[in-house]
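One structure below.
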Amino acid sequence: MDAGTCRSNTGATPHPVRAGLGEWADRIVRAGLALAFLAAGAVKLGNPEVFAVTVRAFGILPDALVGPLSVALPCLEVAAAVLLLLDMRWGLELTTALLLVFVAVLVHALRMGLDIDCGCYGPSDPEREAFGSIRQALWRDGAMLAAAAFLFWRGRRARRATGTPA
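Spelled out as structure tokens, the structure:
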């Protein structure tokens, strides 16, 4: 066996086909998350007044913060999408942080027994009409958190393979 291609598990050279598939999976997952955040942020920025009504319905923030958050949150979603799509520093971290906040808010809404629109994709969101949209949004956000975990895992593996510190 060639010493250059046969190494121990700690320094194994990835199989070229598997490495290529992993890179494509990474790109597809990254693009999917970015698209979801870009769509959500853009729709909310297009009509922040409607989003403010949804934010207010959760009953978490004082009225004075609802308006500013109704603009700031969609801006953060768009920023996360751009950073994530371009694979720039903090894109995945910002996306994950936003998802964790969204999950916490949705869990709060479920515990309070609220049956309201999650506000995720604006007034044209099909979930808006469906009973239990909070549960649907929670499942969707859970799936997106799993996708983010996959990207963290892939990044960690790539850093280990190249010897770059985590």
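Residue numbers (full-length UniProt numbering): 1 to 166. We put the CB at the ideal spot given by N, CA and C, even for glycine.
Distance, residue 153 Cα to residue 73 Cα | 27 angstroms
Determine the burial state of residue 117: buried for a count of at least 16 other Cβ atoms within 10 Å of its Cβ, exposed for fewer.
-> buried
Boundaries (first-last residue) of the alpha helix (DSSP H) holding residue 114 = Per DSSP, residue 114 belongs to no alpha helix (DSSP H) and is neither H nor E.
Counting Cβ pairs closer than 8 angstroms, one from the stretch 101 to 110 and one from the stretch 132 to 142, do we hit at least three?
-> yes
For chain B, find out if any of its Cβ atoms is closer than 8 angstroms to the Cβ of residue 40; answer yes or no.
-> In the displayed structure, chain B is absent; only one protein chain is listed.
C-alpha distance - residue 141 paired with residue 121, whole-angstrom precision | Going by the C-alpha atoms only, they are around 12 angstroms apart.
Within the same chain, show all residues whose beta-carbon is closer than 6 angstroms to that of residue 88, passing over the 5 residues directly before and after it, in chain order.
-> none
Using the C-alpha atoms, what's the distance from residue 26 back to residue 105?
-> In a straight line, the C-alpha of residue 105 is about 28 angstroms away from that of residue 26.
If we ignore side chains and look at the alpha-carbon of each, how far apart do residue 177 and residue 33 end up?
-> As shown, the chain starts at 1 and ends at 166. That puts residue 177 outside it, with no answer to give.
Please report how far the alpha carbon of residue 1 lies from the alpha carbon of residue 139, in whole angstroms.
-> Because the pLDDT at residue 1 is just 46, under 50, the model does not fix this residue reliably, and the point stays unresolved.
Reference residue 79; option with closest CA among 65, 63, 40 and 53 | 40
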